[in-house]
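Sequential numbering from 1 applies to the sequence shown in this note's numbering. To start, the structure under review is shown below, and the notes come after it.
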Amino acid sequence: MRRFLPFLVPVLFVASSCSTTSTSAADDAKRFLADAEDKLNTLNVESQRGDWVHENFITDDTEALGAKGDQRLIDEQVKDAKEAAKFDKQKLAPEMARKMELLKNGLVLAAPADPKESEEVTRIAASLDGAYGRGKYCPERLKKTQKPCLDIEDITRIMATSRDPKELLDAWTGWHSISPPMRKDFTRFVQLANKGATELGFKDTGAMWRSKYDMAPDDFARELDRLWDQVRPLYLSLHAYVRAKLHEKYGDVVPANGPIPAHLLGNIWAQDWTNVYKLVAPPNADPGYDLTQILKSRNTQPLDMVRYGEGFFKSLGFAPLPETFWQRSLFVKPRDRDVVCHASAWDIDNQDDLRIKMCIEINAEDFTTVHHELGHNFYQRAYKSQPALFRDSANDGFHEAIGDTIALSVTPEYLVKLGFLKQPPDASKDIGLLLNKALEKIAFLPFGLMIDQWRWKVFSGEIPPEKYNEAWWDLRLKYQGVAPPVARSETDFDPGAKYHVAADVPYMRYFLADILQFQFHRALAKEAGCPAPGSNTPLNRCSIYESKAAGDKLNSMLQMGLSKPWQEALYTISGQREMDASAIRDYFKPLEDWLNEQNAGKPVGW
Ligand code: X8Z
Ligand code: ZN
Numbered sequence: 001m002r003r004f005l006p007f008l009v010p011v012l013f014v015a016s017s018c019s020t021t022s023t024s025a026a027d028d029a030k031r032f033l034a035d036a037e038d039k040l041n042t043l044n045v046e047s048q049r050g051d052w053v054h055e056n057f058i059t060d061d062t063e064a065l066g067a068k069g070d071q072r073l074i075d076e077q078v079k080d081a082k083e084a085a086k087f088d089k090q091k092l093a094p095e096m097a098r099k100m101e102l103l104k105n106g107l108v109l110a111a112p113a114d115p116k117e118s119e120e121v122t123r124i125a126a127s128l129d130g131a132y133g134r135g136k137y138c139p140e141r142l143k144k145t146q147k148p149c150l151d152i153e154d155i156t157r158i159m160a161t162s163r164d165p166k167e168l169l170d171a172w173t174g175w176h177s178i179s180p181p182m183r184k185d186f187t188r189f190v191q192l193a194n195k196g197a198t199e200l201g202f203k204d205t206g207a208m209w210r211s212k213y214d215m216a217p218d219d220f221a222r223e224l225d226r227l228w229d230q231v232r233p234l235y236l237s238l239h240a241y242v243r244a245k246l247h248e249k250y251g252d253v254v255p256a257n258g259p260i261p262a263h264l265l266g267n268i269w270a271q272d273w274t275n276v277y278k279l280v281a282p283p284n285a286d287p288g289y290d291l292t293q294i295l296k297s298r299n300t301q302p303l304d305m306v307r308y309g310e311g312f313f314k315s316l317g318f319a320p321l322p323e324t325f326w327q328r329s330l331f332v333k334p335r336d337r338d339v340v341c342h343a344s345a346w347d348i349d350n351q352d353d354l355r356i357k358m359c360i361e362i363n364a365e366d367f368t369t370v371h372h373e374l375g376h377n378f379y380q381r382a383y384k385s386q387p388a389l390f391r392d393s394a395n396d397g398f399h400e401a402i403g404d405t406i407a408l409s410v411t412p413e414y415l416v417k418l419g420f421l422k423q424p425p426d427a428s429k430d431i432g433l434l435l436n437k438a439l440e441k442i443a444f445l446p447f448g449l450m451i452d453q454w455r456w457k458v459f460s461g462e463i464p465p466e467k468y469n470e471a472w473w474d475l476r477l478k479y480q481g482v483a484p485p486v487a488r489s490e491t492d493f494d495p496g497a498k499y500h501v502a503a504d505v506p507y508m509r510y511f512l513a514d515i516l517q518f519q520f521h522r523a524l525a526k527e528a529g530c531p532a533p534g535s536n537t538p539l540n541r542c543s544i545y546e547s548k549a550a551g552d553k554l555n556s557m558l559q560m561g562l563s564k565p566w567q568e569a570l571y572t573i574s575g576q577r578e579m580d581a582s583a584i585r586d587y588f589k590p591l592e593d594w595l596n597e598q599n600a601g602k603p604v605g606w
């Protein structure tokens with residue numbers, strides 16, 4: 001990804017708005033945009049390089065340098081956004097009008113015009129990002145050992161593999177101890193970011209974030225409610241089933257009809273439940289293979305994981321990644337320095353200098369994440385010939401959805417082609433396969449939705465600083481039906497224990513991606529001829545591997561970048577103009593029926 005700080009445009013040309021004829025006004029607009037797009041590259045590259053070095057080598061110095069590059073870029077973006085507004089009354093050619101809109105609403109962080117405040121807000125942003133990257137839990141019991149502290153990789157491993165509630169609780173509370181020190185800075189960050197957003201004419205930063213979706217911001221919020229209503233019944237069924245199984249396993253630590261304690265779901269944020277699959281698997285329909293075990297038994301190395309991912313894209317007709325990708329990426333956690341390990345994909349020069357930064361572990365989750373990151377890189381390369389302002393995805397959900405769409409094609413049949421499996425499990429194992437996938441994709445939906453429900457309210461002031469943590473858990477309960485495993489208070493700052501909150505990355509994109517990827521998969525599978533006419537192969541057994549037709553279709557959307565409203569891009573790939581959760585519902589339909597049978601007579605909801 002990279003924290004898409006895209007429309008990074010300075011203003012060299014000041015538009016004269018009064019005494020122009022309409023032709024010269026159009027010329028003014030043209031010149032303004034050309035200058036802006038030109039300068040964009042320079043500032044973007046400088047900012048990206050600074051951020052890359054900071055996140056790969058976290059020190060006070062790299063933090064300051066990274067912040068400086070970001071500040072230069074953001075200050076120019078802000079000036080440009082204001083300048084673009086001066087053309088509001090002009091009738092411009094559609095492409096130019098779109099570019100003006102992108103200049104006005106493209107910022108994620110708007111710095112205030114006051115240089116001191118701009119310096120402060122970008123410094124805080126870099127420092128919160130660094131604080132997260134440096135985050136460690138150093139328990140008493142490890143004090144005198146060679147490795148006295150646990151980083152996010154260690155915590156992730158414990159959450160994924162331990163079945164000891166005491167150990168899980170310790171890891172959970174331990175990781176959540178990294179964030180209380182962020183609270184003060186975060187509070188100030190919200191104030192300053194809002195000041196910048198209001199100077200651009202937005203009500204607050206959340207309103208600015210909601211303005212990027214080619215529809216009125218309030219309509220966008222309503223779209224989210226509509227989509228959530230579409231998928232919520234399936235989430236409730238999954239939640240009830242998993243809760244019952246965990247209740248069997250852990251006894252009263254998991255109530256029979258209340259929220260699930262957040263430390264027992266196999267993931268520090270309870271956002272992906274795949275790691276408890278074995279605790280909840282249907283004995284008769286278990287597919288009988290474990291990708292993590294396969295990867296380990298084959299002695300797969302981090303670089304191999306990336307090669308498999310690249311191989312998939314190549315099989316669709318995409319060109320191989322450039323040599324510099326392999327030379328400049330970070331694939332393995334360095335032993336001797338702090339880095340931001342949270343996986344990301346970068347496009348340093350907006351042309352060919354693609355990279356990923358990831359501390360790859362050999363397991364099924366990271367196998368998927370590698371595909372996710374490469375999806376960003378292949379998207380970035382596909383739109384590189386667009387004008388600078390259009391070098392981004394149709395909306396941010398699209399960027400997040402591409403690699404995941406490919407990962408949906410990592411079917412048992414594909415694993416057979418890779419030589420990982422001798423033969424695919426028969427159709428009777430589909431419930432197990434679907435359940436495993438639902439623990440990733442369905443469990444994620446309310447989490448994907450709630451993070452920015454929280455942040456939007458924080459930015460609007462509806463959630464004041466003295467309620468940050470309480471409101472966080474209210475929303476976790478409302479949407480996810482999970483509860484903190486120990487009492488929390490306002491001395492805690494649990495949102496900061498999630499990367500995207502600390503690093504100021506909007507999160508609704510992942511909710512959108514979760515819905516969109518099933519729409520994309522359904523459309524591309526059809527293009528690849530799956531299910532074959534007359535067959536009833538379910539979509540979870542369709543892989544687009546080696547389909548040039550699917551690759552062409554995908555590329556036809558990717559290369560559009562941000563040049564057209566996302567509805568057009570969606571139409572190009574799927575023939576639909578609306579985000580539509582029927583694809584994800586249909587994909588999981590057999591599982592949903594099965595879950596409802598299992599849940600008969602049991603409580604649903606919390
Ligand atoms: O942050 C990510 C990617 C990088 S854009 C690894 N994801 C979200 C998360 O980890 O919280 C992918 C799934 C959701
Ligand atoms: Zn991503």
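Glycine included, C-beta positions come from ideal geometry on N, C-alpha and C. In this text, all values refer to a predicted model and were calculated from it rather than measured experimentally.
heavy atom of the ligand X8Z below 7 Å from Glu470 C-beta: no
Backbone secondary structure at Tyr273 - three-state DSSP: Note on residue identity: the sequence assigns Trp, not Tyr, to residue 273. DSSP places Trp273 in the coil class of the three-state scheme, outside both helix and strand.
As assigned by DSSP and simplified to three states, the class of Tyr137: strand
Euclidean distance between Cα positions of Pro255 and Arg222: 33 Å
Close Cβ partners of Pro322 (< 6 Å) along its chain, the five nearest in sequence each way excluded: Asp352
Cβ separation of Leu316 and Lys548, assumed to be a contact under 8 Å, to the nearest whole Å: 7 Å
Near the ligand ZN: His342 beta-carbon under 7 Å from a heavy atom: no
Rounded separation between Ile463 and Arg455 - CA only: 9 Å
Beta-carbon proximity of Asp170 to Pro217, cut-off 8 Å: no
Backbone CA spacing between Arg337 and Ser237 [nearest angstrom]: 44 Å
Ala285, enclosing beta strand (DSSP E) - first and last residue: Unbroken run through Ala285: none, as it is neither H nor E.
heavy atom of the ligand SAM below 7 Å from His371 C-beta: Questions concerning the ligand SAM fall outside what the structure shown contains, since the ligands it does hold are the ligand X8Z and the ligand ZN.
Beta-carbon gap between Val370 and Asn56 smaller than 8 Å: No, they are not a contact pair.
Whole alpha helix (DSSP H) elements within the stretch 295-345, 4-residue minimum: 302-315, 323-328
Pick from Lys249, Ser385, Ile74 that is closest to Ala197, judged by C-alpha positions: Ile74
Backbone CA spacing between Thr368 and Asp229 [nearest angstrom]: 27 Å
Three-state secondary structure assigned by DSSP to Ala483: strand
Per-residue DSSP class, three states only, for Asp114: coil
Beta-carbon proximity of Ala262 to Pro485, cut-off 8 Å: yes
Residue span of the beta strand (DSSP E) that contains Leu354, given as start and end: 354-357
Status (buried if at least 16 other CB within 10 Å, exposed otherwise) for Val45: buried
Leu562 (DSSP reduced to helix, strand or coil): coil
Closer than 7 Å: His176 CB and nearest the ligand ZN heavy atom: no
Heavy atom of the ligand ZN within 7 Å of His376 beta-carbon: Yes, the ligand ZN has a heavy atom inside 7 Å of this Cβ.
Rounded distance between the beta-carbons of Tyr545 and Lys417, thought under 8 Å: 7 Å
Three-way DSSP call (helix, strand, coil) for Asp504 in this model: coil
Buried or exposed (CB count within 10 angstroms, at least 16 for buried), Val9: Its pLDDT being 32, under 50, Val9 is placed unreliably by the model, and nothing is read from it.
Start-to-end residues for the alpha helix (DSSP H) that takes in His376: 364-382
His608: CB within 7 Å of a non-hydrogen atom of the ligand X8Z: The structure shown does not extend to residue 608, since the chain is modelled only from 1 through 606, so no value can be given for it.
Rounded straight-line distance, which links the Cα of Ile356 to that of Asp51: Taking the straight line from one Cα to the other gives about 13 Å.
Glu400 Cβ short of 7 Å to the ligand X8Z heavy atom set: For the ligand X8Z, at least one heavy atom lies less than 7 Å from the Cβ of Glu400.
Same chain, Cβ closer than 6 Å to Gly481, five either side skipped, listed in chain order: His239, Pro259, Trp606
Three-way DSSP call (helix, strand, coil) for Pro180 in this model: helix
Near the ligand X8Z: Tyr379 beta-carbon under 7 Å from a heavy atom: no
Chain-order list of residues whose beta-carbon lies under 6 Å from that of Thr205 (same chain, five-residue window excluded): So the list reads Ala193, Asn194, Ala197, Phe459, once near-sequence residues are dropped.
8 Å contact criterion, which Ser543 and Phe390 should meet: CB distance rounded: Rounded, the Cβ-Cβ distance is 31 Å, inconsistent with contact.
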